[in-house]
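Visitor:
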Amino acid sequence: MNITATLLAQSAVFLIFVWFCHRFIWPFLRQAMRERQKTIADGLEAAEQAQKDLEAAQDRADERLREAREEARQIVDQARGQAAQMIEQARAEAREEGERLKQAAAAEVEQDVNRVKEALRGQVASLAVQGAERILSDSIDRRRHGELLDRLAAEL
Amino acid sequence: MAESSSEYIQHHLTNLTYGRHPDGTWGFASTAQEAMDMGFVAVNVDSMGWAIALGVLFCAVFWTAARRATAGVPGGLQNAVEMLVDFIDDTVSSIFSHRNELIAPLALTIFVWVFLMNLMDLVPVDWIPQLAHALGVPYMKVVPTTDPNVTMGMALTVFALILFYSIREKGPLGFLKELAFHPFPKILAPINLILEGVTLVAKPLSLGLRLFGNLYAGEMIFILIALMYSGWVIGVFGGVLQWAWAVFHVLIIILQAFIFAVLTVVYLAQAYDVEEEH
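Same order as they appear, the protein sequences are chains H and F.
Residue numbering for the first sequence follows the working numbering, starting at -8 and increasing by one per position.
Residue numbering for the second sequence follows the working numbering, starting at 249 and increasing by one per position.
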């Protein structure tokens, strides 16, 4: 229990161990710990950033989807309108065509009627002339009264 | 046990001492009296041996961890070591606000080394001495911190650091002023010097003797309990007591190691701190 040179020996050994710890242990451990801290912090930050990016991307995707849907709806609407228009147009054209055909037919009929009338008129005139000839026998000279007869036929 | 109780205790409290005999020859002391006669020129080989072995163990384990330390996923050893380093770093930075790269490693060394030396107290008191006896070594004290030379050696080193940093930070005159002009006005400088001198000297004394006293008392109680292993009934009772004391002692050895480390940091922080003028 007496105080001896052990005191000095212990002191020297103590200083050596402290020096060793200071030189070879502490800095490396602290360095590794700091680096890991930084790595973890960076990782967390990156994860957070990725989360944000993901959210933004999702938002963008949603937006695009909404736009596409809107566009599709517009296209469908447009197509529907166009179809209705086309149907309407076709209907109008058909109606017009019908009308035209009807008019043409009517015109033809009228022409026919006129032609028949003309023919009839001619025939009536000749019949009248024949009748008159028969009645008047040869009292009317066909050649002399031709002009009169033509006028009569035109009046019929 | 052929020896009497007092001989047994005495045997357990005697260091294996190597030194110069009064007649000028060098050698191991074969009795406590011979060791006493050697005076200062002697070394407690057992204390130093165990202290160095444990210190080397500390360095080896921590150096291994430090060498392998990466920023990647830490393994078991690295985790344990880093936990200690982080704990010490937190403690030191909460006490010591100045810039000194030596303080934290110093605290770590003290904490772990003193803890390991204290830990030897939990080895049953007879194991190693008996083994040493069988190998022909007469004395073997295995707990270095029950040797006042060891604790005071460390405390005085800390004291030297306190003086070194005080003088380096404040200058010899500034340091002297601090001692002379506190706590009373300048007129009472001699009284101040005495008071502050006592305070200063009390630092290493309390530091070393606290650790020594705690561990010495703990060791003594283990030895006294070990004396009970003489009969079956009392032996079993002694076993229970030893277990209970060991459990309690676990607290003491950690606490004393921590106190030594923290007080060292506190004293060194005081060496840096400039006290306000009176």
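Just so it is clear, CB atoms sit at the ideal spot from N, CA and C, and this is done for glycine as well.
Keep in mind it's a predicted model, so treat the numbers as computed, not measured.
1) Quick one: grab the DSSP three-state call for F:Asn440.
2) My output table needs one value for H:Ala52: the three-state DSSP class, helix, strand or coil.
3) Taking the alpha carbon of F:Ala355 as the point to measure from, which residue in F:Leu511, F:Gln518, F:Ala519 has its own alpha carbon closest?
4) Is the segment 477 to 485 of chain F touching the segment 272 to 283 of chain F in the sense that three or more CB pairs, one from each, lie closer than 8 Å?
5) Taking the alpha-carbon positions, what's the F:Phe359 to F:Phe508 distance?
6) Can you tell which of F:Gln518, F:Trp375, F:Asn366 has the C-alpha that lies nearest to the C-alpha of F:Ile410?
7) Does any residue of chain F have a CB that is nearer than 9 Å to the CB of H:Val4?
8) With 16 as the cutoff for other CB atoms within 10 Å, does H:Gln121 come out buried or exposed?
9) If contact means a Cβ-Cβ distance below 9 Å, which residues of the segment 369 to 380 of chain F contact chain B?
10) Return the Cβ separation of F:Ile300 and H:Val4 in integer angstroms, given the expectation that the two are a contact with Cβ distance under 8 Å.
11) Output, in chain order, the set of chain H residues within a Cβ distance shorter than 8 Å of F:Met535.
12) Can you name the start and end residues of the beta strand (DSSP E) that F:Val373 belongs to?
13) Can you tell me whether F:Val291 is helix, strand or coil according to DSSP?
14) So the candidates are H:Glu54, H:Ile126, H:Gln94, H:Cys12; which of them puts its Cα closest to the Cα of F:Ala352?
15) Use the C-beta contact count for F:Gln258: other C-beta atoms within 10 angstroms, 16 or more gives buried, fewer gives exposed.
16) Taking 9 Å as the threshold (beta carbon to beta carbon), is H:Ala23 in contact with chain F?
17) In chain F, which residues lie less than 7 Å from H:Glu26 when you measure between Cβ atoms?
18) Got a sec? Which residues, its chain only, sit under 7 Å from F:Arg316 by beta carbon, not counting five neighbours each side?
19) Strictly below 9 Å CB to CB, what residues from chain H border F:Trp480?
20) If I measure Cβ to Cβ from F:Val333 and keep anything under 7 Å in the same chain, skipping five residues before and after, which residues do I get?
21) On the DSSP bridge list, what partners appear for F:Phe276?
22) Under 8 Å Cβ to Cβ from F:Asn462, same chain only, skipping five residues before and after it: list those, please.
23) Quick one: measure Cβ to Cβ for F:Asp369 and F:Gly466, integer angstroms, because I've assumed they're closer than 8 Å.
24) If you measure from the beta carbon of F:Ile507 to each beta carbon in chain H, is any gap under 9 Å?
25) Determine contact between the segment 277 to 286 of chain F and the segment 261 to 269 of chain F, defined as no fewer than three beta-carbon pairs at a distance below 8 Å.
26) Any C-beta of chain H sitting closer than 9 Å to the C-beta of F:Pro431?
27) Given 8 Å as the limit, is there contact between the segment 47 to 64 of chain H and the segment 390 to 406 of chain F, that is, 3 or more CB pairs closer than that?
28) Whole-angstrom Cβ separation of F:Leu404 and F:Pro452, contact assumed at under 8 Å?
29) Using a Cβ-Cβ cut-off of 9 Å, state whether H:Ala32 counts as contacting chain F.
30) In chain order, what residues of the segment 267 to 301 of chain F put their CB closer than 8 Å to some CB of chain H?
31) Roughly how many whole angstroms lie between the Cα atoms of F:Ser342 and F:Gln378?
32) The alpha helix (DSSP H) with F:Phe508 in it runs from where to where?
33) Taking only three categories from DSSP, how would you classify F:Pro396?
34) With distance defined between alpha-carbon atoms, name the residue in F:Met296, F:Met286, F:Ala308, F:Met284 nearest to H:Gln1.
35) Give me the Cα-Cα distance between F:Ser454 and F:Leu350, rounded to the nearest whole angstrom.
36) Using a Cβ-Cβ cut-off of 9 Å, state whether H:Leu20 counts as contacting chain F.
Guide: Inspection of the coordinates gives the following:
1) Counting from one through the second sequence, the residue named residue 440 of chain F turns up at place 192. F:Asn440: helix per DSSP, three-state reduction.
2) Walking along the first sequence from the start, residue 52 of chain H turns up at place 61. Helix at H:Ala52.
3) Within the second sequence, residue 355 of chain F is the residue found at index 107, counting from 1. Of the candidates F:Leu511, F:Gln518, F:Ala519, the one whose C-alpha sits nearest the C-alpha of F:Ala355 is F:Leu511.
4) no
5) Position 111 of the second sequence, counted from the first residue, corresponds to residue 359 of chain F. Position 260 of the second sequence, counted from the first residue, corresponds to residue 508 of chain F. For F:Phe359 and F:Phe508, the distance between alpha carbons rounds to 7 Å.
6) For this step, residue 410 of chain F is matched to residue 162 along the second sequence. The candidate whose alpha carbon is nearest that of F:Ile410 is F:Gln518.
7) Numbered from its first residue, the first sequence carries residue 4 of chain H at position 13. Yes, because at least one Cβ of chain F sits closer than 9 Å to the Cβ of H:Val4.
8) Here residue 121 of chain H is taken as the residue at index 130 of the first sequence, counted from 1. Answer is exposed; the Cβ neighbour count stays below 16.
9) The structure shown has no chain B; the protein chains it does contain are H and F.
10) Along the second sequence, read from residue 1 onward, the residue named residue 300 of chain F stands at position 52. Along the first sequence, read from residue 1 onward, the residue named residue 4 of chain H stands at position 13. The Cβ separation is near 6 Å, so the contact holds.
11) Within the shown structure, residues of chain F are numbered from 249 to 526, placing residue 535 of chain F beyond reach of any answer.
12) Numbered from its first residue, the second sequence carries residue 373 of chain F at position 125. No beta strand (DSSP E) contains F:Val373, which DSSP labels as neither H nor E.
13) One-based indexing of the second sequence puts residue 291 of chain F at position 43. Looking at F:Val291 - three-state DSSP - the assignment turns out to be strand.
14) Stepping through the second sequence from its first residue, residue 352 of chain F is reached at position 104. For the residues H:Glu54, H:Ile126, H:Gln94, H:Cys12, the minimum Cα distance to F:Ala352 belongs to H:Cys12.
15) On the second sequence, residue 258 of chain F is found 10 positions in, with the first residue counted as 1. Its Cβ having fewer than 16 others within 10 Å, F:Gln258 is exposed.
16) Numbered from 1 along the first sequence, position 32 holds the residue referred to as residue 23 of chain H. Yes, its Cβ sits closer than 9 Å to a Cβ of chain F.
17) Position 35 of the first sequence holds residue 26 of chain H. Simply Ala319.
18) Here the question's residue 316 of chain F lines up with position 68 in the second sequence. Cβ neighbours of F:Arg316 beyond the five flanking positions: Gln326.
19) Locating residue 480 of chain F in the second sequence gives position 232, counting from the first residue. The contacting residues do not exist; F:Trp480 stays about 34 Å from chain H at best.
20) The residue labelled residue 333 of chain F in the question sits at position 85 within the second sequence. So the list reads Leu356, once near-sequence residues are dropped.
21) The residue you call residue 276 of chain F lines up with position 28 of the second sequence. Looking at the DSSP assignment, F:Phe276 forms a beta bridge with F:Tyr266.
22) What you label residue 462 of chain F is simply residue 214 of the second sequence in a count that begins at 1. Cβ neighbours of F:Asn462 beyond the five flanking positions: Ile500, Gln504.
23) Numbered from its first residue, the second sequence carries residue 369 of chain F at position 121. Numbered from its first residue, the second sequence carries residue 466 of chain F at position 218. Right, the Cβ-Cβ distance comes to about 6 Å (below 8 Å), so this counts as a contact.
24) Locating residue 507 of chain F in the second sequence gives position 259, where the first residue counts as 1. No, F:Ile507 does not count as interfacial toward chain H.
25) yes
26) Numbered from 1 along the second sequence, position 183 holds the residue referred to as residue 431 of chain F. Under the 9 Å criterion on CB atoms, F:Pro431 is classed as non-interfacial with respect to chain H.
27) no
28) Residue mapping note: residue 404 of chain F aligns to position 156 of the second sequence, counting from 1. Residue mapping note: residue 452 of chain F aligns to position 204 of the second sequence, counting from 1. With a Cβ gap of about 6 Å, F:Leu404 and F:Pro452 count as contacting.
29) The residue labelled residue 32 of chain H in the question sits at position 41 within the first sequence. No, its Cβ sits nowhere closer than 9 Å to a Cβ of chain F.
30) Gly267, Ala283, Met284, Met286, Gly287, Phe288, Val289, Ala290, Val291, Asn292, Ser295, Met296, Ala299, Ile300
31) Translated into the one-based positions of the second sequence, residue 342 of chain F becomes position 94. Translated into the one-based positions of the second sequence, residue 378 of chain F becomes position 130. One C-alpha to the other measures close to 45 Å.
32) Indexing the second sequence from 1 puts residue 508 of chain F at position 260. Taken as a continuous stretch (DSSP letters only), the alpha helix (DSSP H) holding F:Phe508 covers 480 to 520.
33) Locating residue 396 of chain F in the second sequence gives position 148, counting from the first residue. Reduced to three states, the DSSP call for F:Pro396 is helix.
34) Taking the first residue of the first sequence as position 1, residue 1 of chain H is located at position 10. Residue nearest to H:Gln1 within the set F:Met296, F:Met286, F:Ala308, F:Met284 is F:Met296 (criterion: CA-CA distance).
35) Counting from 1 along the second sequence, the entry for residue 454 of chain F is found at position 206. Counting from 1 along the second sequence, the entry for residue 350 of chain F is found at position 102. About 23 Å.
36) Reading the first sequence from its first residue, position 29 is the one you call residue 20 of chain H. Yes, H:Leu20 counts as interfacial toward chain F.
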